[in-house]
Each structure stands twice: as structure tokens, then as C-alpha cells.
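Here's the structure, in C-alpha cells; my notes come after.
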Amino acid sequence: MNHMHFEDKKRSRRFFWFVWTLYVLVAMTKTFFTAAMAQIVSKDVMTKSQVGFIVAAFYLVYAPFQIVGGIFADKYDPEKLITIGLFGGTVANVILFFSQNYYVVLITWIFNAVIQFGIWPSVFKIISSQIVRSDSKNATYYMSFSTSAGMILAYAVAAIIPKWYMNFAVSAAVLFALGVILNLFTHIEKPYMFPDKPPEIPVANEDEKTNVSTLKLFSESGFFFIVLTYFFSYTVIHSVKTLSATMLMETYDNITSSIGNVLNILVIAVSVVSLFFAKKFYYPKTVKSAPTGIFIMIIVLVVASALLIVGNSHIAPVLISLCVISGASAAVNLLMSYCNLRFAKFGKSATAAGIYNMSASLAVVLCSYGITKVADVYNWNTVLWLYFALLLVSAFSAAAVLPLWKRFKKKYFASNTGTLVNQKDL
Numbered sequence: 001m002n003h004m005h006f007e008d009k010k011r012s013r014r015f016f017w018f019v020w021t022l023y024v025l026v027a028m029t030k031t032f033f034t035a036a037m038a039q040i041v042s043k044d045v046m047t048k049s050q051v052g053f054i055v056a057a058f059y060l061v062y063a064p065f066q067i068v069g070g071i072f073a074d075k076y077d078p079e080k081l082i083t084i085g086l087f088g089g090t091v092a093n094v095i096l097f098f099s100q101n102y103y104v105v106l107i108t109w110i111f112n113a114v115i116q117f118g119i120w121p122s123v124f125k126i127i128s129s130q131i132v133r134s135d136s137k138n139a140t141y142y143m144s145f146s147t148s149a150g151m152i153l154a155y156a157v158a159a160i161i162p163k164w165y166m167n168f169a170v171s172a173a174v175l176f177a178l179g180v181i182l183n184l185f186t187h188i189e190k191p192y193m194f195p196d197k198p199p200e201i202p203v204a205n206e207d208e209k210t211n212v213s214t215l216k217l218f219s220e221s222g223f224f225f226i227v228l229t230y231f232f233s234y235t236v237i238h239s240v241k242t243l244s245a246t247m248l249m250e251t252y253d254n255i256t257s258s259i260g261n262v263l264n265i266l267v268i269a270v271s272v273v274s275l276f277f278a279k280k281f282y283y284p285k286t287v288k289s290a291p292t293g294i295f296i297m298i299i300v301l302v303v304a305s306a307l308l309i310v311g312n313s314h315i316a317p318v319l320i321s322l323c324v325i326s327g328a329s330a331a332v333n334l335l336m337s338y339c340n341l342r343f344a345k346f347g348k349s350a351t352a353a354g355i356y357n358m359s360a361s362l363a364v365v366l367c368s369y370g371i372t373k374v375a376d377v378y379n380w381n382t383v384l385w386l387y388f389a390l391l392l393v394s395a396f397s398a399a400a401v402l403p404l405w406k407r408f409k410k411k412y413f414a415s416n417t418g419t420l421v422n423q424k425d426l
């Protein structure tokens, strides 16, 4: 089908901010279960391993469907795919509100993973191809705040709601309202959108074939190494953002589940603030290449994880190290999205975003079940050593991207005739 795009900036930006708000709230609903972990564990409703397995099962199913969602979003109407996810998520959360049986929760949460397969790839398709193209890079930057904002909302609600299962009632109401509003908004704005032109495939030589396969494109660019880098680093990043409340509560006697959630909000909030500094001072002001910027930040994460191990006997250095990890990870997430944006010219931005999100989903599986299992069987100190090992592997993978990305840019984005694609900083 022919995709549509805005040409009026005012309408485009208004639609973007609605989509941004939508994804913040979707991220909030997906985080609610993990955010309630400290309360669930403290009340002996489930063990960390059980909660972790439910979350892991969600993302284990969610991960491969992200590839499907990416391909579908590149071919079909992204708003319709988002609508399916929103109304399907509503049904799932209604069921979970009325039943907290372990097996009911497990099966329903897996269904929720399947039905939301197209939400993130479709959102990325909208910001990379549907809004006014000159706004795409800034839109990608602002979208980087969405997940952290959603997580902060989730932990804030988890800290004040007396019963953890009431989170599902909030989720159901929010997702249903978003589905209705999205359909109304889309109906109003569609008449002001225009059909896309065929994808533009820039090449270095005029006689070179322009029909580049997706596999070749991703292989030559080093995109698969980028995905691998993100998998290992995001395992640690997600662990820090979702398990810190439980870790602090179980490690330090004076930290309750509520205090742990408040401190966890602080850790996540640092990632939001650091995005401003990343855009203003780091990239592209200081570092000109997105993969190079990713590599540097991964090294920062390695150092911060080492400091976690050294200073884990006192809460102050641990909290500072967690905040540094959260802040550096925000820059990594932003630059990863910029790399995905690079494929918009080839009509593959949603496919790239789907694969990228698949790696993040598999990382959540490792975090939610693997990391929690290590914490249950061994202790949190062992978890800190695991963080260090994962980030070290991530650093080697990030280093492998650099020469491939450089050749990719030279081959596909620089023309012998002097025509340049206006994405020079990516």
C-alpha cells in the first residue's frame, strides 16, 4: 500500500506530540508489572523469579513479533497496527485486574505481547516517514524521552497505589482511551496527508544497482553488530532501571519498598536529564558519528559497572554509579535510534526499528528471568559482576561496528557527482 505523509508542519508536529504521549503511556502500562515487583515480593505474592519469568515470557514472545511488526509497518498503515495493540492490550489488562492467579497472569501477559507486536515499529515509521521529513531527527530525539517518562510514571503510580493489581485497571482505561482518540485523530488528519514517493536508494556510482536487499544493507552497515551491542548493554540498562528498587531494598536494611521505588525514579530521571546534555554537548557537537558516540558511552558504562562492584558496601557510591549508568545509557539509546533513522531513505526504518526493539526485548528476557534468577540463587554482588561482563562484551561489539559503518556511509550516502544525503552527522 502507499504510505502517507504530512507536508504541513503545524499538523505534523501536533500529530507527533500525540504519538509521543501515546507511547509514553504505552511504555507506562508495559512497565507496571515490573514496577510492582518490590511490593509483590515484600507481600509474598510471588517470588522474584516468578515475577521475572512472567516479564521474561512477555518479551520472549514479543521479541520475534517485533520483526513481523517492522515489516508490516513498512508495508501497511501504522495507525491500524497501533490500534490493534491498544485495544488488545485493553482486553489483557481487564483480565489481569480480575484474576491474579499465576498461570492466568502468565498466559494473559503473553497474549499482551503478541497483540502489541506492531506498536513500536509503527511509531518509529510515523516519526521517520510520516511526519514532515525535516522534523524526523528532532522527533527521534524527543521520542528518546518517551520510554523513561513512561517508566517514571509507572514507578510513581506503583509507589502510591495500595494494591499492585490495580495497576492493570489503570492500564486498561488508558489503553482504551488512547485507541479511541487515535482513531478520531487519524480520521481528522488523513485528508491532510499525501502519498509517499517510492523509496530513494542513494548510491555512490550511477551504474550500481539501486535495488539493495535488506540483508545486504544491514550486513554492510554493521547494523547487526549494533543490534548485538544493544542486546548486551540493554540487559544491564533495563536491569538498572527496573531492578534497582528491589536490589536496594534487599541489600540495605533502611530501604523499604516505597523508598526503593522513589530512588529508582531518581535513577530513571537522570537518564531523562542526560538526554539534554547528550544533544547539546555530546552529539553531534563533540562526537560526529553515532556509532563512535555509542562506543564511547559503552566504555563509560563499563567503568561505572566496575565502580558498582568496588563501592557496593555503601549506598551512596552505588546510587551514584547507578545514576551514571542510567545517564550514559540514555545517550546510547538516542544514538541507536539515530542509526535506525539512517535506513528511512531505503524504506526500511520500521524494519530496522523492529529488529532493534527485538534485541531490547530479548535483553529484557535475560534481565527479567536470568538476572533475577542469579539474584535469587546467588546474591546481588554476583549480579554486579554479571553487569560488568555483559558490558565488556558490548564494548567489543560496538568497536566492530566502526569500520563497517564508515564504509557504509561512503558507499551509499556520498555521490561522485557531489550530491549528498543530508544526514551527514549520523
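Take the sequence shown: its letter number 408 is residue 408 in our numbering, and every next letter is one higher.
Virtual Cβ for every residue (Gly too), placed ideally from N, Cα, C.
Exposed or buried, what is residue i when buried is set at 16 or more other beta-carbons lying within 10 Å of its beta-carbon?
i    : result
Y412 : buried
D74  : buried
S233 : buried
N264 : buried
P162 : exposed
W17  : exposed
T351 : buried
I188 : exposed
I160 : exposed
Y62  : buried
E79  : buried
Y378 : exposed
P121 : buried
S144 : buried
N333 : buried
V310 : exposed
S99  : exposed
Who are the near neighbours of residue i in its chain, counting only those whose CB is closer than 6 Å to its CB and skipping five residues on each side?
i    : result
L22  : L178
F176 : T90
E250 : none
F168 : N93, L96, F97
P191 : none
CA-CA distance, residue i and residue j?
i    : j    : result
F231 : F408 : 22 Å
F218 : F224 : 6 Å
G89  : A113 : 8 Å
T47  : Y165 : 16 Å
A290 : S337 : 9 Å
V104 : V270 : 36 Å
G85  : K241 : 24 Å
A156 : A245 : 12 Å
I181 : I107 : 28 Å
I115 : D135 : 30 Å
F15  : G118 : 18 Å
K406 : V236 : 28 Å
P284 : V45  : 48 Å
K125 : A27  : 17 Å
E429 : V19  : No statement about residue 429 is possible, as the shown extent of the chain runs from 1 to 426 and does not include it.
L81  : N254 : 46 Å
How would you write the range of the alpha helix (DSSP H) that residue i sits in, first residue to last?
i    : result
M427 : Any answer about residue 427 is impossible in this case: the structure gives the chain only from 1 up to 426.
I126 : Counting along the chain, I126 falls outside any alpha helix (DSSP H), and DSSP gives it neither H nor E.
V365 : 349-365
I299 : 290-310
S244 : 223-251
G118 : Per DSSP, G118 belongs to no alpha helix (DSSP H) and is neither H nor E.
N333 : 315-341
M143 : 136-143
In terms of residues, what are the limits of the beta strand (DSSP E) holding residue i?
i    : result
H5   : 4-6
M193 : 193-195
Run the proximity test for residue i: is its beta-carbon closer than 7 Å to any non-hydrogen atom belonging to the ligand NAD?
i    : result
A149 : What this structure holds is no ligand at all, so the ligand NAD is not there to describe.
Short of 7 Å in beta carbon distance, which residues of its chain neighbour residue i, apart from the five on each side in sequence? Order them along the chain.
i    : result
Q423 : Note that Q423 scores 45 on pLDDT, short of 50, meaning its location in the model is unreliable and no value can be drawn from it.
N183 : T83
G57  : Note on identity: in this sequence residue 57 is Ala, with Gly being the wrong assignment. Excluding positions up to five away in sequence, the list reads L106, W109, I110.
T60  : It should be noted that the sequence gives Leu, not Thr, for residue 60. V365, listed in sequence order.
T214 : K348, T351
T186 : E79
Verify the CB distance criterion: does residue i have a CB-CB separation below 8 Å to chain C?
i    : result
S349 : In the displayed structure, chain C is absent; only one protein chain is listed.
Using C-beta distances below 8 Å, list every residue in its chain close to residue i, excluding the 5 sequence neighbours before and after it, in chain order.
i    : result
Y252 : I315
K280 : none
A306 : F388
I268 : S148, M151, I152, Y155, K241, S326
W440 : Because the chain in this structure spans residues 1 to 426, residue 440 falls outside the shown range and cannot be described.
| message | Restricting to runs no shorter than 4 residues, where is the alpha helix (DSSP H) found entirely within the region 159-183? | response | none
| Whole beta strand (DSSP E) runs in the region 371-407 with 3 or more residues, listed along the chain? | Qualifying beta strand (DSSP E) stretches: none in this window.
| said: Please give the ranges of any alpha helix (DSSP H) in the region 59-111, keeping only runs that are unbroken, at least 4 residues long and fully inside the region. | reply: 78-98
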